[in-house]
Amino acid sequence: MISKLANRVQNAAVALALMAGGAQAVDVPVDLEVIGKPIPEGIGFQPAVTEVARDLFWLDAVLLYISVAICAVVMGLLLIVILRYNRSRNPNPSNVTHNTALEFTWTAVPIVVLVGIAIISLPILFKQQRLPEADITIKATGNQWYWSYEYTDHDFSFESFMLPREELASHGYNDDEYLLATNTAVVLPVNKTVVVHVTAADVIHAWTVPAFGVKQDGVPGRLAGLWFKPEVEGIYFGQCSELCGKDHSYMPITVKVVSQEVYDDWLDRAIAEYADADTDEGTIRVAMGN
Ligand SMILES: [Cu+2]
1 MISKLANRVQ
11 NAAVALALMA
21 GGAQAVDVPV
31 DLEVIGKPIP
41 EGIGFQPAVT
51 EVARDLFWLD
61 AVLLYISVAI
71 CAVVMGLLLI
81 VILRYNRSRN
91 PNPSNVTHNT
101 ALEFTWTAVP
111 IVVLVGIAII
121 SLPILFKQQR
131 LPEADITIKA
141 TGNQWYWSYE
151 YTDHDFSFES
161 FMLPREELAS
171 HGYNDDEYLL
181 ATNTAVVLPV
191 NKTVVVHVTA
201 ADVIHAWTVP
211 AFGVKQDGVP
221 GRLAGLWFKP
231 EVEGIYFGQC
241 SELCGKDHSY
251 MPITVKVVSQ
261 EVYDDWLDRA
271 IAEYADADTD
281 EGTIRVAMGN
């Protein structure tokens, strides 16, 4: 009941905001495969389509192997102690309190493991955090509860609202893409370096697309950066990943990665549609009824 009401309020907010914005959603006229989305009963990562995502998932696997190995060694030692040195088997306990070689080993081995983890993980962290020269720069602003995007190279911006269930089909999405699909998508060309500056207008939000291996908090008054270079055309979903209020789960992210030609065509139409639109955020916040 409450969620139905929430949906209705959300729908009304979308309609009002679109009216306030005065812009129509500009879509790409191609059929794209949906690549970046969760699958039922899935427990792994979404397919990695950027170098950073591949590195991250590789690092995750290596760390998992290291953790499993450490757990196995510790559990094995515990088992030996329990079985061999319990009171019935070993009635006269040893009084030894120090063993320099042993103490050196159990200090040195964890240090070596930690240094090893630092050696393989820091380069990936730096690769992720150092922003390269951008082909395309976007500013993503989190709002309670939707994202707005500004294509700063071309001076236009638009808002991106979650699609209500009944509007999924008309936008070309499946029913199971509810809570993921938005009325407008971030459209980007394939194999181009994209830098996204993330911020927020009200509270802290976080912009995330798992298949790109990116996640960045958007903090009001600050501009943080993330980058990715998607290698496969398709549709990728993400969700706000910072608890930002009651509709935190209703502000998803949709990114469409297309060929350069399709992008150029979309860009022309998007500039024509969005550049003159009234996208004053104050108007929209009033329309949202906050
Ligand atoms: Cu949020």
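The numbering used here applies: residue 1 is where the sequence shown begins, and numbers increase by one.
Think of the CB as a built atom: it goes at the ideal place given N, C-alpha and C, for glycine as much as any other residue.
It should be emphasised that the depicted structure is a prediction, and the values quoted were computed from it without experimental measurement.
Going by DSSP, Q216 is part of the beta strand (DSSP E) stretching over 214 to 218. Contiguous alpha helix (DSSP H) elements confined to the region 191 to 239 do not occur, taking only those with 4 or more residues. Of the residues assessed, Y85 falls on the exposed side of the cut-off, its CB having fewer than 16 other CB atoms within 10 angstroms. Nearest Cα to V214 within the set V34, D202, W227, V186: W227. Contact annotation: E233 and E51 have beta-carbon atoms that are not nearer than 9 Å. Under a 10 Å Cβ-count criterion, A206 is classified as buried, with 16 or more other Cβ atoms of the shown protein chains found around its own Cβ. Our two residues, S259 and W106, have alpha carbons roughly 55 Å apart in a direct line. Taking a 10 Å sphere around the C-beta of F161, we find 16 or more other C-beta atoms and assign the residue as buried. Across the structure, G225 and C240 are spaced so that their CA atoms are roughly 16 Å apart. Residue side-chain check: M162 keeps its Cβ at 8 Å or more from all non-hydrogen atoms of ligand 1. Where T97 is concerned, there is no enclosing beta strand (DSSP E), because DSSP gives it neither an H nor an E.
Contact between V255 and V198 is ruled out by a C-beta separation of about 14 Å, above the 8 Å threshold. Closest option to R165, judged by alpha-carbon separation, among D176, D155, F156: D176. Checking the DSSP bridge columns, you'll see T182 partnered with M162. Annotated three-state conformation of P123 is helix, per DSSP. Assignment of A53 by DSSP, reduced to helix, strand and coil, places it in the helix class. A61 sits in a helix when the DSSP states are folded into three classes. With distances taken between CA atoms, V28 lies nearest to D268 out of K229, D268, V194. Fewer than three beta-carbon pairs drawn from the region 121 to 130 and the region 138 to 157 are found closer than 8 Å, and the two stretches are therefore not classed as touching.
Distances from the CB of M75 to the heavy atoms of ligand 1 are all 8 Å or more.
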